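*Asks:* Reading the sequence shown from the start, the letters are residues 41 to 346 in this note's numbering.
No residue lacks a Cβ here, since even glycine has one placed at the ideal position from N, Cα and C.
Values in this document were obtained by computation on a predicted structure and should not be read as measured data.
Sending over a structure as structure tokens; questions will come in a sec.
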Amino acid sequence: MISVIIPTYNAEKYLPKLLEILHHQTIKYEEIIIIDSSSKDNTIEIAKSFGAKVITIPKQEFDHGGTRTIAGKIAKGDILVYLTQDALPCDKYAIENLVNPFYKDEKIGVSFGRQLPYPDATLLAKHLRNFNYPDKSYVRSINEKEKYGLRTCFCSNSFAAYRKSALEEIGWFKNGLIVSEDSYAVAKMLLKGYKVAYVSEAMVYHSHNYTIFQELKRYFDIGVFHRRERWLIDTFGKATGEGKRYILSELKFLLSNHYYHLLPEFFVRNMFKFIGYKLGYNYYKLPKSIIKKLSMHSKWWDRVSE
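Below you can see the structure in the form of structure tokens.
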């Protein structure tokens, strides 16, 4: 059985389209669970109108990992499909394609789909999606960590499916992570002998047009995550190699398409990413007042004691 789980907050502009297309998927699922952080708009009413099961939690109790765990434990399915509210399946085959690997290989613990940029995505945002989500599927195990490094455990809960028994085996998503609860869970599964599948045929629209300062904040939080979960770096390697590969790919993309006018933004944006990551990795040296200004998740720091 399959359960679809969507954490929401003020999602009324996304839910009608999302739930409509979910109701027309080619594969049958047991339920849609909406776990809502006390929205102030019509999110709950819309969800109920589509027959979704709604769980409401206080806004201040939302946690990237913990909230998904709450819904996952309640879910009836043995395969849990997680989406974010701003991800929109591209076609009626998205869920079926996403879960297919579980029926072909019992060692698949998680699969995630391809994210295509929305039509309004900037050129740099489009390149990021194409870089992170190529048109070729793959399956990876812990045996390939020497080749792919930290990229081995790459995943995105914007559109991913998990074998419930595998999540139970690793103790579910970790509570209290600032970001990357998905990569954390995948890494734990890989260490248990499970595999991760990337399914390029399973597609959603999902992209963000971050400002340069938003990029700094995003990479600050990634740096914090890597500092607080240093075992990931120790086990899979540093993120610098992947960062260099991305920068070279982006530069090639701009030059080959003659987007010379974007070169200044390219240099500034990547400099801010680097600075943000380094500041985040060394967050413990900064006063909390500065940290909260640099983080995308400033409220998260109110719950952190160190």
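For D160, name the three-state secondary structure that DSSP assigns.
*Replies:* For the purposes of this step, residue 160 is taken as residue 120 along the sequence shown, with counting starting at 1. In the structure shown, D160 sits in coil (DSSP, three-state: anything other than H, G, I, E or B).
*Asks:* I need the straight-line Cα distance from K116 to E71, nearest angstrom please.
*Replies:* One-based indexing of the sequence shown puts residue 116 at position 76. One-based indexing of the sequence shown puts residue 71 at position 31. Between K116 and E71, the C-alpha separation is close to 8 Å.
*Asks:* Where in the segment 172-254 do unbroken runs of the beta strand (DSSP E), each at least 3 residues long, occur, reported from the N-terminal end onward?
*Replies:* Runs of the beta strand (DSSP E) inside the segment 172-254: 178-180, 199-203, 235-245.
*Asks:* Leaving out the 5 sequence neighbours to the left and right, which residues in its chain are closer than 8 Å to M41 when beta-carbon positions are compared?
*Replies:* Along the sequence shown, read from residue 1 onward, the residue named residue 41 stands at position 1. Here the set comprises Y69, E70, K116, G117, D118, I119.
*Asks:* Using CA coordinates, which residue listed in Y224, Y323, Q155 is at the minimum distance from Y259?
*Replies:* For the purposes of this step, residue 259 is identified with residue 219 of the sequence shown, where counting begins at 1. Closest by alpha carbon: Y323.
*Asks:* I want to see whether chain D comes within less than 7 Å of I86, judged by CB atoms only; does it?
*Replies:* Annotation note: the requested chain D is absent from the structure, which comprises a single protein chain.
*Asks:* Assuming V236 and V150 make a contact with CB atoms under 8 Å, what is their CB distance in whole Å?
*Replies:* Sequence index remark: in the sequence shown, residue 236 carries index 196 (1-based). Sequence index remark: in the sequence shown, residue 150 carries index 110 (1-based). V236 to V150, Cβ: 5 Å. Contact.
*Asks:* By a C-beta neighbour count over all protein chains shown, 10 Å radius and 16 as the cutoff for buried, is W212 buried or exposed?
*Replies:* Indexing the sequence shown from 1 puts residue 212 at position 172. Buried.
*Asks:* Apart from the five residues just before and just after N50, which ones in its own chain have a Cβ nearer than 8 Å to its Cβ?
*Replies:* Against the sequence shown, residue 50 aligns to sequence position 10. Here the set comprises S79, K80, D81, T83.
*Asks:* How many Å lie between A134 and K325 at the Cα?
*Replies:* Residue mapping note: residue 134 aligns to position 94 of the sequence shown, counting from 1. Residue mapping note: residue 325 aligns to position 285 of the sequence shown, counting from 1. A134 and K325: Cα-Cα distance of roughly 44 Å.
*Asks:* Closest to E305 by CA distance: which of F199, A242, F253, D261 is it?
*Replies:* Residue mapping note: residue 305 aligns to position 265 of the sequence shown, counting from 1. The shortest Cα separation from E305 among F199, A242, F253, D261 belongs to F253.
*Asks:* Measuring CB to CB, does G281 end up less than 7 Å from G189?
*Replies:* Position 241 of the sequence shown holds residue 281. Position 149 of the sequence shown holds residue 189. Yes, the pair counts as a contact, with Cβ atoms nearer than the cut-off.
*Asks:* Determine the extent of the beta strand (DSSP E) in which V121 is found, giving its start and end residues.
*Replies:* Taking the first residue of the sequence shown as 1, we reach residue 121 at position 81. Element bounds for V121: 119-123.
*Asks:* Helix, strand or coil for L97? Go by DSSP, reduced to three states.
*Replies:* Taking the sequence shown and counting its residues from 1, the one referred to as residue 97 is at position 57. The sequence given here places Ile at residue 97; Leu does not occur at that position. Residue state, collapsed to three classes: coil.
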